[in-house]
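**Q** Let me begin by handing over the structure; questions about it come next.
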Amino acid sequence: MEKKDLFDKLVPQQIGNYKFNNEALLKQAFTRRSYTEENGGENNEVLEFIGDKALDIAVVRYLVCKYGNAPTKEDLNKMRWTGKQYDYEFASSKDEGELTILKQRLVQKDTLARRVDELSIADYLIMGKGDNKNHREQDKSVKEDLFEAIIGAVALDSNWDFEKIQEVVEVMLNPDSILATDIEIDYVSLIYEWDESHGMEPWFQYEDYGETSTWYNHRENTIYQSCNVLGSEEQRYLSNTTRTCFVKIANDIPAFAGLGYSKNEARRNACKLAYEYLESHNMLFTIKDEIDEPTLEMAINQLEILARRNHIAMPEYEYREEHDDDGNPIWFVTCKVEGFDFFASVDSSSKKQAKKQVAFDMLNYILENY
Numbered sequence: 085m086e087k088k089d090l091f092d093k094l095v096p097q098q099i100g101n102y103k104f105n106n107e108a109l110l111k112q113a114f115t116r117r118s119y120t121e122e123n124g125g126e127n128n129e130v131l132e133f134i135g136d137k138a139l140d141i142a143v144v145r146y147l148v149c150k151y152g153n154a155p156t157k158e159d160l161n162k163m164r165w166t167g168k169q170y171d172y173e174f175a176s177s178k179d180e181g182e183l184t185i186l187k188q189r190l191v192q193k194d195t196l197a198r199r200v201d202e203l204s205i206a207d208y209l210i211m212g213k214g215d216n217k218n219h220r221e222q223d224k225s226v227k228e229d230l231f232e233a234i235i236g237a238v239a240l241d242s243n244w245d246f247e248k249i250q251e252v253v254e255v256m257l258n259p260d261s262i263l264a265t266d267i268e269i270d271y272v273s274l275i276y277e278w279d280e281s282h283g284m285e286p287w288f289q290y291e292d293y294g295e296t297s298t299w300y301n302h303r304e305n306t307i308y309q310s311c312n313v314l315g316s317e318e319q320r321y322l323s324n325t326t327r328t329c330f331v332k333i334a335n336d337i338p339a340f341a342g343l344g345y346s347k348n349e350a351r352r353n354a355c356k357l358a359y360e361y362l363e364s365h366n367m368l369f370t371i372k373d374e375i376d377e378p379t380l381e382m383a384i385n386q387l388e389i390l391a392r393r394n395h396i397a398m399p400e401y402e403y404r405e406e407h408d409d410d411g412n413p414i415w416f417v418t419c420k421v422e423g424f425d426f427f428a429s430v431d432s433s434s435k436k437q438a439k440k441q442v443a444f445d446m447l448n449y450i451l452e453n454y
């Protein structure tokens, strides 16, 4: 499949299946100034500016709904359905300072760059020869610009329809994952990690109310989120106010369908169904599945992989230099990981070699005793 075909097929799916009226705007969001300086046309710089502002508003709306008592989409839909009014004084479980910190955490460069990596869309950037030669698609700032430019393109294409902007932002950003507490399980990230460990990516499809394939028209080989009110008057209300997300994680596993008042909520519920299926069929990977084979040369990176995937705390190294009678350096290096009583300790004339060895010893201990 050609790169253009992959772009046309994969990129819209990764941003929530938003349907562009003007597809040229999506392509422009991926076009760097380095390309237009060589070939003419428009680039994504102004779209970045627009997207930055739209992203701020979408994130504030998300935080207000998560931590405040403002009416949710569900509340507003019920109001329209029942004709009831919703009177309230706004209150929030977070103060202004706490909300500011959370907002900064969601929109900072590292967060947006990491989400672009997880969405696997940076490779579709359209760049000039210099940028291509220097692999600028790997720069965090370039990934941040791309994220914001896509939001800017959606804002213009939808004529500033904030419901559509909100849904694209929440699908792309996955804020639930970033702000998840210890008691909240991030099912979306867990499904992405499971597929990544099997060399695949999850495939999402969203359907809005009013489309031909609704909650009633069940697809074959698909597990649906349970609903206690099927066929009731309440169900008629639900079917006209909700989104359905279908997720496919492997060819030999059923698809899963979740229901929600937003694409983000529907996706979370679909991934929860998928994770519960994997768990009930003993298909979840263990910590040993993360590492094909522990090796001395790769031990430092392999330990960090386990930490980044939240199996263990980040390893801590301590170094002490002494000298023998001839004045040659001797490096004493230890490695410890919070949560384990064991710590590895090695001495060597090479600091680098000592670090590799303690990482290797620590890695083997963890794999045997996790």
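Per the working numbering, the very first residue in the sequence shown carries number 85; after that it's consecutive.
Idealized CB from N, CA, C, for every residue including glycine.
In its own chain, which residues sit with a C-beta less than 7 angstroms from the C-beta of D140, not counting the 5 before and 5 after it?
**A** V191
**Q** What's the gap between the Cα of L183 and the Cα of E254?
**A** 17 angstroms
**Q** Looking at C-alpha atoms only, which residue of A443, G411, S432 and D409 is the closest neighbour of K420?
**A** A443
**Q** What is the residue span of the alpha helix (DSSP H) that Q441 lies within?
**A** K435 to N453
**Q** Tell me which same chain residues have a C-beta within less than 6 angstroms of the C-beta of P399, skipping the five on either side of it?
**A** L387, C419 and V421
**Q** Rounded to the nearest angstrom, how far is the Cβ of T115 from that of N127, given a contact under 8 angstroms?
**A** 5 angstroms
**Q** In this structure, does DSSP put N101 in helix, strand or coil?
**A** coil
**Q** Please report the Cβ distance between Q309 and A358, rounded to the nearest whole angstrom; I am assuming they are in contact, meaning their Cβ atoms lie under 8 angstroms.
**A** Contact doesn't hold; Cβ gap of about 11 angstroms is too wide.
**Q** When you compare the CB positions of R352 and Q250, do they come within less than 9 angstroms of one another, or not?
**A** no
**Q** If you draw a straight line from the C-alpha of N453 to the C-alpha of P96, how long is it?
**A** Spanning the alpha carbons of N453 and P96 requires a straight line of approximately 43 angstroms.
**Q** Roughly how many angstroms separate the alpha carbons of K213 and R117, rounded to a whole number?
**A** 11 angstroms
**Q** CB K356 to CB W287, shorter than 9 angstroms?
**A** no
**Q** From the DSSP output, which residues share a beta bridge with P413?
**A** H407
**Q** In the DSSP output, what is Q289 paired with across the bridge?
**A** F330
**Q** Can you give me the start and stop residues for the alpha helix (DSSP H) that F281 sits inside?
**A** The question names Phe, yet the displayed sequence has Ser at residue 281. Run containing S281: Y271 to S281, per the alpha helix (DSSP H) assignment.
**Q** Could you pull out every unbroken alpha helix (DSSP H) segment of at least 4 residues lying fully inside the stretch 377-402, listed in chain order?
**A** Counting only runs of 4+ residues, the alpha helix (DSSP H) found wholly inside the stretch 377-402 occupies 383-392, in chain order.
**Q** Applying the criterion that 16 or more other CB atoms from any shown protein chain within 10 Å of the CB defines a buried residue, is V226 buried or exposed?
**A** V226 comes out buried.
**Q** With a threshold of 7 angstroms on Cβ separation, who are the neighbours of R404 within its own chain once the five nearest residues in sequence on each side are excluded?
**A** F416
**Q** Is L362 helix, strand or coil when you go by DSSP?
**A** helix
**Q** Determine the burial state of K193: buried for a count of at least 16 other Cβ atoms within 10 Å of its Cβ, exposed for fewer.
**A** exposed
**Q** Hey, L36 and L257: beta-carbon distance below 9 angstroms or not?
**A** Residue 36 is absent from the structure shown; the chain starts at 85 and stops at 454.
**Q** In or out: V130 buried (at least 16 other Cβ within 10 Å) or exposed?
**A** V130 should be labelled exposed.
**Q** Keeping to the same chain, check which residues put their C-beta closer than 7 angstroms to that of M85; ignore five residues upstream and five downstream.
**A** Confidence at M85 is low in this model, with a pLDDT of 36, below 50, so the placement of that residue should be treated as unreliable; the coordinate-derived value is given next. So the list is empty, once near-sequence residues are dropped.
**Q** Relative to the C-alpha of F426, which residue among D201, L451 and N216 is closest?
**A** L451
**Q** What distance in whole Å lies between the Cβ atoms of Y345 and G100, which are believed to be in contact at a cut-off of 8 angstroms?
**A** Contact flag wrong, Cβ pair sits at about 14 angstroms.
**Q** For Q98, count the other beta carbons within 10 Å of its own beta carbon; 16 or more makes it buried, fewer makes it exposed. Which is it?
**A** buried
**Q** Can you give the Cα-Cα distance for S261 and D215, rounded to whole angstroms?
**A** 32 angstroms
**Q** Tell me whether E317 is buried or exposed, calling it buried when 16 or more other Cβ atoms sit within 10 Å of its Cβ.
**A** At E317, the pLDDT of 44 sits below 50, so the modelled position is not reliable; the number obtained from the coordinates is stated separately. By the 10 Å Cβ count, E317 comes out exposed.
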